[in-house]
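Everything on this sheet refers to the single structure shown next.
There are 2 protein chains.
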Amino acid sequence: MAQQTIDDNSLLESLFEIFRNRGYEGTTISQLSEMTGLKKSSLYHRFPAGKDDMVKAVVRYVSAQLHQHIIGPLLDSQEAPEKRFSDMLATVKAIYSDGRKNCLLNVLNLGDAKDDIKALLNRDYQDWIAALAKLGLEVGMDPQEAAIWSGHFLTIVQGALVIQRLTGDASTFGNCMEYEQKQFLKRCNKP
Amino acid sequence: MAQQTIDDNSLLESLFEIFRNRGYEGTTISQLSEMTGLKKSSLYHRFPAGKDDMVKAVVRYVSAQLHQHIIGPLLDSQEAPEKRFSDMLATVKAIYSDGRKNCLLNVLNLGDAKDDIKALLNRDYQDWIAALAKLGLEVGMDPQEAAIWSGHFLTIVQGALVIQRLTGDASTFGNCMEYEQKQFLKRCNKP
DNA sequence: GTCTATATAATGATAGAC
DNA sequence: GTCTATCATTATATAGAC
Chain Y
1 MAQQTIDDNS LLESLFEIFR NRGYEGTTIS QLSEMTGLKK SSLYHRFPAG KDDMVKAVVR
61 YVSAQLHQHI IGPLLDSQEA PEKRFSDMLA TVKAIYSDGR KNCLLNVLNL GDAKDDIKAL
121 LNRDYQDWIA ALAKLGLEVG MDPQEAAIWS GHFLTIVQGA LVIQRLTGDA STFGNCMEYE
181 QKQFLKRCNK P
Chain C
1 MAQQTIDDNS LLESLFEIFR NRGYEGTTIS QLSEMTGLKK SSLYHRFPAG KDDMVKAVVR
61 YVSAQLHQHI IGPLLDSQEA PEKRFSDMLA TVKAIYSDGR KNCLLNVLNL GDAKDDIKAL
121 LNRDYQDWIA ALAKLGLEVG MDPQEAAIWS GHFLTIVQGA LVIQRLTGDA STFGNCMEYE
181 QKQFLKRCNK P
């Protein structure tokens, strides 16, 4: 039988998809094995501490993606703030497949989630908030306003994901993002 | 050894607390047994189909609470709309313990949640939305505006719960509710 | 680095005494 | 209606061949 193999990125992507869909407790090694095409013992070979290692690797992977594709571009002052915001919205829509896929930040925070994982997730959230707040300042918000606006935006993102998952209405997430886009442009045009 | 017993409501309340905290897959019969003080076989006696029965009973219980304490009062046109809204906010804060506790609507919707449970949860959400939209109409919103506002409100509720759980900042949920309160009063005063 | 096979522990569920 | 005791199944995890 030919040895299957799979590069680290594809593997992490597969693990990510199942963890974000099923949560930590809801995901079994068997499912991960089936989904990735790697036998259980192969998974343990790559992640000796088991599921714990796997989920940590996924969180680190997602964190890297977040910084590369969202936070980095947000902070890149070469581009106009309006463009950076709408670019972010496009990326966000892609990452969550227009609201059809969950956010790890929500899904890995149930029950007695490990503190180190919670800490990683929280740090990503804080980084994202900070980048958004900085954008707010650039378009003329005062610091308090920027803090509220950035927090509000991420609240809407998470809330919309929950609601869309609840109703199955595929337009929920997109509508919310569109609304936030409009509100942001309004703010830009009254400096 | 004296037979422990527990009335249905207290039992459901205990089951509810653990399911909302840990989700469906994250909750084990052993935990439910420990938490309720009933041995596993006693739980099976009351819920022959096991965890499935238990979670359905919890969802029905929560649904009844929602209609009794939130949706009913929202629809009671004897009271002024402003009072109904702020009463609802107080109830919501109590139900979620100021954001320290999760919402079943979020937590039971992961992975391959049973369709019948999803349907129950979705119906509760729709009922809540409808009651809010009606309130919106009463304070002068047009139908579309009322639909958007009610959906927005519940999006914020769910989002704020996720964010507070993520950051551990206990003021998140309260601040969001306070903000929604202000916004609602503003709308009331420009009819 | 992946596989087959197996060990060990936990989980959902049942039987039967009281 | 609750209990103790036990079963069957599934879960995590490991051993060792290739």
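Line order of the protein sequences matches chains Y and C. Last residue of the first sequence: number 191 in the working numbering, and the count goes up by one each step with no gaps. Last residue of the second sequence: number 191 in the working numbering, and the count goes up by one each step with no gaps. Cβ atoms here follow ideal geometry from the backbone N, Cα and C, with glycine treated the same way.
Between residue 15 of chain C and residue 54 of chain C, the C-beta gap is smaller than 7 angstroms, which places the two residues in contact. Listed along chain C are 22, 23, 26, 107, each with a C-beta nearer than 7 angstroms to that of residue 110 of chain Y. Per DSSP, residue 112 of chain Y is not a residue of any alpha helix (DSSP H), being assigned neither H nor E. Put simply, the CB of residue 160 of chain Y is near chain C, with a gap under 7 angstroms to one of its CB atoms. When DSSP states are grouped into helix, strand and coil, residue 40 of chain Y belongs to the helix group.
For residue 108 of chain Y, no alpha helix (DSSP H) encloses it, and the DSSP letter there is neither H nor E. Contact of residue 166 of chain Y with chain C is assigned, a C-beta pair being separated by under 7 angstroms.
Residue 20 of chain C and residue 12 of chain C have their C-alpha atoms roughly 12 angstroms apart. Taking 7 angstroms as the threshold, the shortest C-beta distance from residue 29 of chain C to chain Y does not fall below it. Boundaries of the alpha helix (DSSP H) harbouring residue 86 of chain Y: 81-95, taken from the DSSP string. Cβ-Cβ distances below 7 angstroms link residue 63 of chain Y to 120, 124 in the same chain, with the five nearest sequence neighbours on each side left out; the list follows chain order. Residue 29 of chain Y and residue 38 of chain Y do not touch by the CB rule: their CB atoms are close to 10 angstroms apart, not below 8 angstroms. Taking 9 angstroms as the upper bound on Cβ-Cβ separation, chain Y lies near residues 148, 151, 152, 154, 155, 156, 157, 158, 159, 160, 161, 162, 163 of the segment 138-163 of chain C. In the structure shown, residue 164 of chain C falls within a helical segment according to DSSP collapsed to helix, strand and coil. When Cβ-Cβ separations below 7 angstroms define contact, residue 125 of chain C makes contact with chain Y. With fewer than 16 neighbouring CB atoms inside 10 Å of its own CB, residue 100 of chain C falls in the exposed class. Closest in alpha carbon position to residue 160 of chain C, among C:171, C:150, C:151, is C:171. In its chain, beyond the 5 residues on either side, 181 have a beta carbon closer than 7 angstroms to the beta carbon of residue 86 of chain Y. One thing to note: residue 146 of chain Y has its Cβ no nearer than 7 angstroms to the Cβ of residue 130 of chain Y. For residue 121 of chain Y, the neighbours in chain C by C-beta distance under 9 angstroms run, in chain order, 166.
Against chain Y, a Cβ distance below 7 angstroms from residue 188 of chain C picks out nothing, because the smallest value is about 21 angstroms.
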